[in-house]
Amino acid sequence: MSKPVMLAVDRIRCDGRGLCAELLPELIRLDDWGYPIVKPGPVPDRLLPLTERAVEDCPVLAIALRRGEAMR
Amino acid sequence: MTRLLGAPDVATPLPRAGHGLIDQIEKAGLLGRGGAAFPSATKWRAVAERSRGDAVVVVNGAEGEPQSHKDRLLMISRPHLVLDGAFLASRVLRARRVVLYVGERHDAARQAMLRALGQRTEPERATVTLAAAPARYVAGAETAAVHLITEGIATPTNVPPYPFERGVGGAPTLVQNVETLAHIANVARGIYDGTTLLTLAGGVARRGVVEVPIGTTVGGAVSASGGLRERPRAVLVGGYFGAWVEPEVAWRMPLDHRTRLGCGVIGIHPASRCPVCDVAAIMRFLAAESSAQCGPCFFGLQALAGACTRISEGGDHPTDMQRLQRWTVEVRGRGACRHPDGAVMFLSSALQVFAAEFANHGSHHNMSQIA
Chain A
4 MSKPVMLAVD RIRCDGRGLC AELLPELIRL DDWGYPIVKP GPVPDRLLPL
54 TERAVEDCPV LAIALRRGEA MR
Chain B
82 MTRLLGAPDV ATPLPRAGHG LIDQIEKAGL LGRGGAAFPS ATKWRAVAER
132 SRGDAVVVVN GAEGEPQSHK DRLLMISRPH LVLDGAFLAS RVLRARRVVL
182 YVGERHDAAR QAMLRALGQR TEPERATVTL AAAPARYVAG AETAAVHLIT
232 EGIATPTNVP PYPFERGVGG APTLVQNVET LAHIANVARG IYDGTTLLTL
282 AGGVARRGVV EVPIGTTVGG AVSASGGLRE RPRAVLVGGY FGAWVEPEVA
332 WRMPLDHRTR LGCGVIGIHP ASRCPVCDVA AIMRFLAAES SAQCGPCFFG
382 LQALAGACTR ISEGGDHPTD MQRLQRWTVE VRGRGACRHP DGAVMFLSSA
432 LQVFAAEFAN HGSHHNMSQI A
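Protein chains in written order, with the numbering used here: chain A, 4 to 75; chain B, 82 to 452.
Below, the structure is given as structure tokens:
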């Protein structure tokens with residue numbers, strides 16, 4: 004069985020453009036300063052295509068998908 | 082029980098040490114004394130597995146916690162013991178380099194360490210260099226130490242990679258607090274007896290560093306330092322990344338691995354001081370000490386400090402109280418390092434223990450205006 008896929012935000016790289024929350028409101032919302040809050044737990048299979056899209060479209064490449072252990 | 086502070090500091094020959102020392106450290110149950118309480122044996126093993134004779138040992142004496150003095154006192158009074166631990170680490174981990182990372186303002190500690198180093202005859206002496214830790218709160222964080230030594234910037238970096246994977250100059254690196262290294266030197270000689278250094282601050286009769294057996298209660302530690310000066314309203318266990326505890330709970334609380342002992346600062350908050358004003362001041366400090374790399378920490382801590390300050394200056398702010406509750410949950414876990422986590426844990430415990438003072442602060446404010 005493959006390991007669960009986790010969404011990881013590089014907190015240093017992220018500068019709060021907010022695109023991810025628009026593309027993937029199911030998993031990402033923004034805090035009061037525009038930085039992403041990721042729903043805890045693995046990415047559900049049905050959301051994988053949208054999640055990959057959000058990863059690719061982040062203007063500063065601050066999001067990644069990881070199999071297994073999540074980054075902070 | 083004064084195994085660290087009571088004994089004379091002399092350069093004695095290092096005991097023979099190999100991999101077995103890591104097992105001894107594990108058996109002693111030694112946890113890091115820099116604040117994170119991470120099992121030292123696990124850290125040593127992780128570096129040992131990766132070292133090809135290129136590992137680096139960072140002797141962490143940054144001591145950026147404002148109330149803490151124990152690391153400085155140890156470097157001043159037992160520099161040889163700290164060097165013993167560092168050299169043993171260097172041998173067991175097959176390191177090529179030892180870096181003394183000492184707070185830039187800790188002049189006496191740095192001089193004591195250098196004087197002791199000059200008296201050493203082991204080959205490791207030639208591998209030692211000195212790096213000054215900037216007087217910033219985050220400079221003592223492991224990745225910040227590695228970043229400063231490698232690139233001259235004392236800001237934390239993302240993990241992974243952890244220092245044991247890629248540390249100073251990309252080499253597997255052990256970053257270990259000076260007190261931990263001193264205990265390890267005693268473990269290697271078979272004379273470790275499970276003590277810990279604490280710094281007592283605030284309303285105690287005698288502020289400063291004490292050495293007590295692990296498991297001593299807060300009440301016991303305060304008695305060991307001469308008792309209370311004033312009636313306590315609360316106890317801050319573990320410094321600014323620690324937690325506020327009601328005095329009657331704290332008094333019976335054993336200081337061990339189950340307590341968030343952090344860097345070992347026990348702050349007695351006297352009943353004569355306003356906790357809300359003090360919490361707001363500490364939150365402003367922690368916000369200013371953010372390394373401003375991660376949005377949730379930089380903006381979040383500023384907002385939290387701002388809300389605390391509005392309450393402390395203007396009295397009740399129901400919306401600010403709600404925001405504080407929400408933000409302390411939201412900010413947690415969203416930085417590259419643990420700075421935001423420590424700050425919000427500090428604040429959430431303050432909101433619990435000082436709930437009444439936060440809710441009724443207006444009257445205190447008006448009183449102090451009149452006075």
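Glycine residues also receive a C-beta, built at the ideal position from the N, C-alpha and C atoms.
Sub-7 Å separation of residue i and residue j beta-carbons
i: Ile349/B; j: Gly283/B; result: yes
i: Leu382/B; j: Leu367/B; result: yes
i: Val457/B; j: Val139/B; result: Shown here, chain B extends from 82 to 452; a query on residue 457/B therefore has no answer.
i: Gly166/B; j: Met156/B; result: no
i: Thr280/B; j: His150/B; result: yes
i: Ala263/B; j: Leu162/B; result: yes
i: His249/B; j: Thr224/B; result: The amino acid at residue 249/B is misidentified as His; the sequence shows Val. Cβ atoms of Val249/B and Thr224/B: not closer than 7 Å.
i: Cys344/B; j: Ala361/B; result: no
i: Thr400/B; j: Val425/B; result: no
i: Trp332/B; j: Ser430/B; result: no
i: Ser372/B; j: Val219/B; result: yes
i: Leu198/B; j: Val183/B; result: no
i: Leu10/A; j: Glu29/A; result: no
i: Gly416/B; j: Cys378/B; result: yes
i: Ala222/B; j: Leu229/B; result: no
i: Ala24/A; j: Pro45/A; result: no
i: Pro244/B; j: Val227/B; result: yes
For residue i, the three-state DSSP class (helix, strand or coil)
i: Pro313/B; result: strand
i: Thr93/B; result: coil
i: Thr261/B; result: helix
i: Leu279/B; result: strand
i: Gly184/B; result: strand
i: Thr123/B; result: helix
i: Val360/B; result: helix
i: Ile234/B; result: coil
i: Ile451/B; result: With a pLDDT of 45 at Ile451/B, under the threshold of 50, the modelled position of this residue cannot be trusted; read the value that follows with caution. Three-state result, Ile451/B: helix.
i: Trp408/B; result: helix
i: Ile157/B; result: helix
i: Gly166/B; result: helix
i: Pro328/B; result: helix
i: Ala88/B; result: coil
i: Ala176/B; result: strand
i: Asn141/B; result: strand
i: Pro399/B; result: helix
i: Pro7/A; result: coil
i: Thr224/B; result: helix
i: Leu111/B; result: coil
i: Ala440/B; result: helix
i: Leu255/B; result: strand
i: Met74/A; result: Residue placement at Met74/A is poorly supported in this model, since its pLDDT is 46, which falls under 50; the coordinates are not used for a value here.
i: Asp13/A; result: coil
i: Thr297/B; result: coil
i: Glu292/B; result: strand
i: Arg69/A; result: strand
i: His150/B; result: coil
Chain A within 7 Å of residue i, Cβ atoms only
i: Gly248/B; result: no
i: Pro377/B; result: yes
i: Gln192/B; result: no
i: Glu411/B; result: yes
i: Gln374/B; result: yes
i: Ala417/B; result: yes
i: Phe44/B; result: Only positions 82 to 452 of chain B appear in the structure, and residue 44/B is not among them; the question remains open.
i: Asn239/B; result: yes
Any C-beta of chain B under 7 Å from that of residue i
i: Val63/A; result: no
i: Ala73/A; result: Low per-residue confidence applies at Ala73/A: pLDDT is 48, beneath 50, and the placement is therefore not dependable enough to give any value.
i: Arg14/A; result: yes
i: Gly125/A; result: The structure shown does not extend to residue 125/A, since chain A spans only 4 to 75, so no value can be given for it.
i: Leu34/A; result: The sequence given here places Asp at residue 34/A; Leu does not occur at that position. Cβ-Cβ to chain B under 7 Å: yes for Asp34/A.
beta-carbon residue i near the ligand GDP non-hydrogen atom, thresh 6 Å
i: Leu428/B; result: For the ligand GDP, the structure offers nothing, since it holds no ligand at all.
At least three beta-carbon pairs within less than 8 Å, the segment 99–106 of chain B to the segment 264–272 of chain B: yes
Three-pair Cβ contact test at 8 Å for the segment 9–27 of chain A versus the segment 52–69 of chain A: yes
Three-pair Cβ contact test at 8 Å for the segment 305–323 of chain B versus the segment 284–293 of chain B: yes
Every unbroken alpha helix (DSSP H) inside the segment 370–396 of chain B [4 residues or more]: 376–395
Completely contained alpha helix (DSSP H) runs for the segment 27–65 of chain A, where each covers 4 or more residues: 51–60
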